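Just so it is clear: in the sequence shown, position 194 is 198 by my numbering, and no numbers are missing. Below is one structure, written out as structure tokens; comments come after it.
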Amino acid sequence: MIVVETRSKEPHMHKRWGVFVLLAAGVIASVCTAADWPQFRGPDRDGKSAETGLLKEWPQAGPELVWSVEGLGAGYASAAIANGLVYTTGKHGPDGYVFCFDLDGKLKWKIRYGPEWTKSYPATRTTPTVDDGKLYLFSGLGTVYCLDAKTGAEVWSRDVFGEFDGQFPMWGMSECLLVDGSKVIATPGGKKASVVALNKNTGDVLWACTELTKGSAYC
5 MIVVETRSKE
15 PHMHKRWGVF
25 VLLAAGVIAS
35 VCTAADWPQF
45 RGPDRDGKSA
55 ETGLLKEWPQ
65 AGPELVWSVE
75 GLGAGYASAA
85 IANGLVYTTG
95 KHGPDGYVFC
105 FDLDGKLKWK
115 IRYGPEWTKS
125 YPATRTTPTV
135 DDGKLYLFSG
145 LGTVYCLDAK
155 TGAEVWSRDV
165 FGEFDGQFPM
175 WGMSECLLVD
185 GSKVIATPGG
195 KKASVVALNK
205 NTGDVLWACT
215 ELTKGSAYC
């Protein structure tokens with residue numbers, strides 16, 4: 005089993021680095037590739053893993069550290085794992101970045117996706133969502149980004165916060181996008197729409213919840 009932990013160097017946040025832990029030999033009968041964890045809280049967004057044969061508690065010394073990386077910047081994101089790659093986000097200066105590693109900890113690519121939240125608790129908020137060869141994230145400023153999951157190249161982006169007259173909560177937009185079939189669902193919390201669904205391949209608006217026009221909330 006692979007356990008992923010991310011931390012931050014920002015004030016009031018733990019020191020951030022990507023820590024990837026492989027349980028020591030003998031904990032499980034054999035080492036195999038962990039199941040994909042392609043979005044916040046796993047495949048079903050419920051925090052549950054289908055892996056079996058694990059110890060009910062770790063040894064006193066803890067699991068064996070396989071590798072770690074530093075320099076990810078400020079962020080609250082956890083990691084997404086899909087197709088043998090590990091993704092997370094971090095903020096350097098005013099900009100947000102996506103980092104992609106292989107399962108041995110080698111950096112495959114790092115790409116700037118755009119400006120990030122710089123006010124209260126300035127850092128990235130979103131854990132990437134990986135689906136069908138693409139990576140989706142929501143910036144703290146309310147822009148939805150779609151990147152190629154292999155290369156990091158931008159496929160499309162859309163400022164749904166500006167388009168739907170969004171209202172910032174105290175700590176900016178803090179949402180991990182939901183992909184449902186052909187739709188990417190985001191919550192701009194705007195006066196023109198509170199929730200919107202975008203075509204996951206093009207970014208076109210499929211529907212917008214114009215009857216509800218309340219701001220976003222943390223839940």
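Built from N, CA and C at the ideal position, the CB exists for glycine as well. Small disclaimer: the values here were computed from a predicted structure and weren't measured.
Simplified DSSP state of residue i, which is helix, strand or coil
i    : result
G219 : coil
V199 : coil
E167 : helix
E158 : strand
D208 : coil
D40  : coil
A127 : coil
G185 : coil
D99  : strand
G176 : coil
A78  : strand
Close-in-space but distant-in-sequence residues of the same chain around residue i (CB under 8 Å, 5 per side omitted)
i    : result
L111 : V73, F103, C104 and F105
R116 : D99, G100 and Y101
The beta strand (DSSP E) enclosing residue i, as first and last residue numbers
i    : result
C150 : T147 to D152
L111 : L111 to P119
A84  : A84 to A86
Opposing strand residues paired with residue i [DSSP bridges]
i    : result
C104 : Y91 and W113
Y140 : T133 and C150
G194 : G170
Sequence-distant residues of its chain with Cβ nearer than 6 Å to residue i (five each side left out)
i    : result
W41  : I85
K196 : F168 and D169
Using 8 Å as the cut-off, can you tell me whether the region 133–140 makes contact with the region 176–191, which would need three or more C-beta pairs spanning the two stretches below that distance?
yes
The region 54–64 in contact with the region 105–112 per 3-pair CB rule at 8 Å
no
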